[in-house]
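These notes concern the structure reproduced below.
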Amino acid sequence: MDLALNKEQQAAVEELEKNILLLAPAGTGKTNTLACRIAHIIEENRALPEEILCLTFTNKACREMRERVEARAGDNGSRVMVKTFHGFCYEVIKTEAKRHSDLFTDFTIFDETDCQGLLKEIIDEEWPLKAVQNLVNQLKEKKAEYAIDSGNLIADYQQTLQRLLQKETAAVKALTVDDAYKFHGRLYEGWQVWGAEKTALYDERLHELHGLDFTDLLVQVDTLFRQDSVAGKWARRFVYINIDEVQDTSLLEYRIISQIFGASHLLLCGDYFQTIYEWRGSHPELVLRKFQQDYNPRRIVLHENYRATQVLLNASFDWLRNSFPERVNLLYPDGLQAVSREHGEPIVLKGAADFSEEAQWIYYQIQQLPVADYSRVCILTRSNRYNKELSAHFRSLSRFVSEKERLPFMLIDEQKFFRRQEIKDALAVLKLAVNKHDVASLVRVLNRFATGIGPATIKKLSSEEIRSAGIRLTDFVDADARESGEPYAQLLAALAAENIVVFDVESTGVDTTRDEIIQIAGIRLDKHGAVKEKFVRLLTPLRKVGDSVRVHGLTDDFLREQGEDPKKVLQDFCAFAQGAVLVGHNVSYDLRILGSELSRLDLPPLEYPLYYDTLDIFRRFYPNLPNHKLEFLGKYCEVKHKSSHDAFDDIMATAEILLYAVERDLRPHVEARQEIMAKYQELFTEWADMLTEVRQKAKHLRPWQLLGEIVVNWGMDKYYVKHKEPQRVEHLRDLFRQARDLDDEAIRPLDAVERFLRYTTLSNTELDALTKRPQIPIITIHQAKGSEFDYVFLAGLQEGNFPGFQAEKSGRLAEESRLFYVAMTRAKKQLFLSWSQTMYGHYRHISSFIRNIPRKYLHNV
């Protein structure tokens with residue numbers, strides 16, 4: 003037995019046959035237990051590292067888990083798939099998008115700010131954008147949860163909305179709030195009228211921009227896993243699946259992951275009393291009940307606490323027992339025991355006359371703490387609003403002390419690093435370097451730095467009149483479209499000159515940085531669209547085909563017999579396609595893996611003037627089709643050659659749908675597009691030239707080098723110096739340093755840029771991860787989940803604030819109570835509670851939550 007583990011932890015580590023439900027209250031060492039279990043699985047040869055999946059629900063928890071696993075399992079640990087839930091979904095979509103969906107393989111993730119900017123263009127009135135975004139997300143999730151999918155997006159969303167309003171009216175109303183969190187009746191009424199139509203339009207525009215939002219990561223994987231072949235492939239991949247923080251899982255998330263449980267050995271870990279996300283869809287009771295019914299797990303309870311002093315553990319557990327007596331006795335009949343021998347200080351309770359006195363008391367109390375590292379101190383509240391007001395008071399108090407004595411506070415809500423204005427500015431240009439269709443990033447850059455291109459111009463060029471001709475805002479900064487007068491001129495000219503090559507590849511997998519091409523096919527078209535020349539070859543890869551054989555049917559044995567030397571085949575293909583305009587369906591993947599493998603084989607890149615994507619063409623001209631998969635478009639266009647997962651079949655089908663679009667959409671609107679481009683493209687000359695230069699440099703500069711050039715050449719540093727915001731320039735330097743530190747020079751520059759952009763989008767890294775100076779975070783309890791601090795100040799404990807009025811009115815007091823428990827369990831050494839008797843001129847009572855703390859643990863000051 004590992005002496006570092008207690009009896010229950012050891013049981014979780016050694017039970018490798020049965021499924022497990024691991025109940026792990028705060029501070030009971032679950033991260034270490036899971037890491038030891040994964041190492042034990044590998045040591046016992048029960049599974050390869052790649053056959054183990056470990057999911058968590060925050061980036062911080064994911065980083066900690068990965069570090070622990072690597073510490074316990076060595077090099078093998080780095081091969082285990084440790085992901086956040088959204089990170090796992092990203093991985094699935096990247097793997098399956100090319101063959102099993104109509105999503106662009108070069109998609110980027112739009113964060114909250116990007117999504118709200120897109121919604122602002124779509125909705126007609128000045129509605130509270132955050133509320134609209136929450137309602138859109140809810141509607142998308144519920145459509146998936148209700149499994150409504152007729153192919154008519156507006157009708158599906160309308161049906162979802164009606165069902166949602168009938169079954170879960172309170173949930174809709176809870177999201178229909180203004181910026182002050184007050185119910186917005188006009189929005190609630192309006193949402194019932196236009197919600198379905200606007201959500202469908204939002205989806206259409208987002209996907210047209212090669213974008214997905216965070217809700218899409220769930221919804222699209224749910225759609226993919228409804229295909230038995232896809233779900234089956236992922237189910238076969240994993241022998242052991244561990245899911246942490248299961249109490250945060252929504253029914254949709256549980257359905258997604260349960261579709262790949264298959265014959266895997268399952269471990270679900272969580273703590274019911276840390277359920278604080280019911281407001282956004284988590285249903286721990288239903289999830290745990292379903293897991294127990296379907297998988298009959300062994301139940302293991304961790305009850306030894308390694309975090310808190312005896313006083314703090316006993317106080318928090320007694321509070322829990324007083325608040326939820328029946329459930330505590332059911333789940334934790336043996337109670338919780340503190341491993342620490344330190345008795346600890348009592349909980350300090352301060353009742354302040356008003357908010358100003360409360361803030362002052364916290365400030366001077368922290369000054370007296372025996373700490374050298376201020377990051378071990380934390381201030382928690384129920385809301386960002388309270389945090390901002392505390393931060394403002396602390397700044398005022400700092401004026402009366404010397405600079406040396408000032409406390410280093412950090413308001414975390416304002417410090418989401420990759421959501422900062424200046425960071426998003428630089429990343430917008432980086433995105434445009436690899437995604438020429440990213441309208442949202444272009445609009446951001448133009449709004450911030452351009453002169454002569456105002457919101458009215460941008461709105462005009464995004465109108466339905468312009469869009470119906472096939473023009474997008476990004477065409478005005480595209481070098482080829484500008485030179486030839488319209489976006490499709492070179493495609494039409496190449497067809498007339500018999501210089502179009504339609505091509506496709508099959509590969510060992512979808513990681514363009516390491517997987518290998520096993521089949522490549524191309525056809526050169528004559529001016530009538532008939533096949534003039536063809537190229538179809540098989541390659542013998544060094545890597546095994548693995549699960550990809552289920553897609554293309556090409557086995558390792560077959561490729562050893564029939565395949566040729568990859569270097570020779572790719573040289574021949576480059577000679578075949580040299581100088582041609584390339585076309586494919588969702589072709590960015592094929593171009594990237596071809597470019598990557600040519601680089602790895604020390605071959606020169608394929609030289610071609612430009613490429614066109616039939617997926618992009620049909621999304622532009624036929625946005626309302628049920629989907630845009632090659633198979634569906636083939637039926638829609640009545641092609642003679644049906645697509646399959648053979649590269650040659652697919653390019654024949656692609657060639658036919660290309661000709662369909664040429665005759666019906668591209669040629670008929672040539673003059674309209676030329677007229678639009680001629681009228682407006684001069685406005686964009688400066689930005690088009692700069693962007694062309696960035697795209698050229700992205701082919702050979704590392705991401706950090708490219709960022710440096712963007713910041714200087716696009717004048718971002720000068721812009722913020724001119725606006726007297728030097729701190730923003732320092733943040734841009736932080737971004738540069740991160741890109742340099744994360745860079746993997748083993749992969750080519752374009753792939754490295756894509757990898758860095760994925761990191762910035764899926765990461766919630768805040769500035770405290772970047773700064774060298776320890777700071778005191780001022781955060782909400784939700785933001786503190788999964789963290790621990792030596793000293794915790796829990797402020798604003800008055801009725802109406804915590805619990806809040808809305809929680810009382812909507813009957814969500816149980817969740818508020820659990821949130822209070824989470825706050826209490828963040829402290830390791832000492833906990834300080836405070837409340838204000840008056841707020842905004844009104845008298846307040848002390849929070850009812852404090853009454854359930856036994857008086858023997860409290861010290862009033």
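Be aware that the sequence shown starts at 3, since it is given in the numbering used here, and climbs by one per residue. Note that the Cβ used here is the ideal one computed from N, Cα and C, for glycine as well. Source: prediction; values computed, not measured.
Tell me, please, which residues DSSP counts as bridged to Trp837. Gly353
To the nearest angstrom, how far is it from the Cα of Leu429 to the Cα of Leu759? 8 Å
Within a Cβ cutoff of 8 Å, which residues of the same chain sit near Arg669, ignoring the five residues on either side of it in sequence? Leu494
Please classify Arg397: is it buried, with 16 or more other beta-carbons within 10 angstroms of its beta-carbon, or exposed? exposed
Output the residue ranges of the beta strand (DSSP E) runs that lie fully inside the region 485–526 and measure 3 residues or longer, sorted by chain position. 502–509
What is the rounded straight-line gap between the Cα of Gln676 and the Cα of Asp615? 20 Å
From Phe795 to Val313, what distance separates their C-alpha atoms? 16 Å
Does the region 299–311 come into contact with the region 332–343, if we say contact requires no fewer than three beta-carbon pairs (one atom in each stretch) closer than 8 Å? yes
Could you tell me which residues DSSP puts in a beta bridge with Gly586? Asp615
Tell me the DSSP secondary structure of Asp770 in three-state form. With a pLDDT of 37 at Asp770, under the threshold of 50, the predicted position of this residue should be treated as unreliable, and no value is reported.
According to the Cβ coordinates, are Gly806 and Glu818 closer than 9 Å? yes
Nearest to Phe90 by CA position, among Glu16, Val223, Val195, is which residue? Val223
In the structure shown, what three-state DSSP assignment does Tyr638 receive? helix
Distance, Cα to Cα, Val431 vs Gln707? 13 Å
Count the other CB atoms, across all protein chains shown, that sit within 10 Å of the CB of Arg70; report buried if there are 16 or more and exposed otherwise. buried
Cα-Cα separation, Lys292 to His88: Taking the CA atoms as reference points, Lys292 sits about 22 Å from His88.
Which of the three DSSP states, helix, strand or coil, is assigned to Ser252? strand
Look at the alpha carbon of Gly524 and the alpha carbon of Leu556, and state the distance between them as a whole number of angstroms. 18 Å
Per-residue DSSP class, three states only, for Lys529: coil
Classify Ser838 as buried or exposed, calling it buried when 16 or more other Cβ atoms lie within 10 Å of its own Cβ. buried
For Phe185, which option in Pro130, Val195, Glu170, Gln683 has the closest C-alpha, if you only look at C-alpha atoms? Restricting attention to Pro130, Val195, Glu170, Gln683, the CA atom closest to the CA of Phe185 is found in Pro130.
Mind pulling the beta strand (DSSP E) runs of 3 or more residues that sit fully within the region 163–237? Fully enclosed beta strand (DSSP E) runs of 3 or longer: not present.
Can you tell which of Val641, His671, Glu673, Cys56 has its C-alpha closest to the C-alpha of Leu660? Val641
Cα separation between Asp218 and Leu351? Roughly 45 Å separates the two Cα atoms.
Is the region 843–858 touching the region 317–329 in the sense that three or more CB pairs, one from each, lie closer than 8 Å? yes
Does Glu114 get closer than 9 Å to chain D when you measure Cβ to Cβ? Chain labels in this structure do not include chain D; a single protein chain is all it has.
Which first and last residues belong to the alpha helix (DSSP H) in which Phe319 is found? That run of the alpha helix (DSSP H) goes 312–325.
Option in Val15, Phe560, Arg422 with minimal Cα separation from His42: Val15
Within its chain, find whatever has a CB closer than 8 Å to the CB of Ala498; leave out the 5 residues flanking it on each side and keep chain order. Lys529
Measuring only the C-alpha atoms, how far is Phe634 from Phe623? 15 Å
I need the DSSP call for Leu544, collapsed to helix, strand or coil. DSSP places Leu544 in coil when its eight states are reduced to three.
Alpha carbon to alpha carbon, how far is Val289 from Ser789? Give it in angstroms, no decimals. Going from the Cα of Ser789 to the Cα of Val289 covers about 24 Å.
Exposed or buried, Gly581, counting other C-beta atoms within 10 Å across all chains shown (16 or more means buried)? exposed
Figure out for me which residue from Leu220, Ala435, Arg516, Gln729 has the closest Cα to the Cα of Ser252. Leu220
Start-end ranges of the alpha helix (DSSP H) lying completely within the region 667–719, minimum 4 residues: Correct list: 672–682, 687–699, 705–715.
Please return the same chain residues whose Cβ sits closer than 7 Å to the Cβ of Thr515, not counting the five positions on each side in sequence. Here the set comprises Ser598, Ile749, Asp753.
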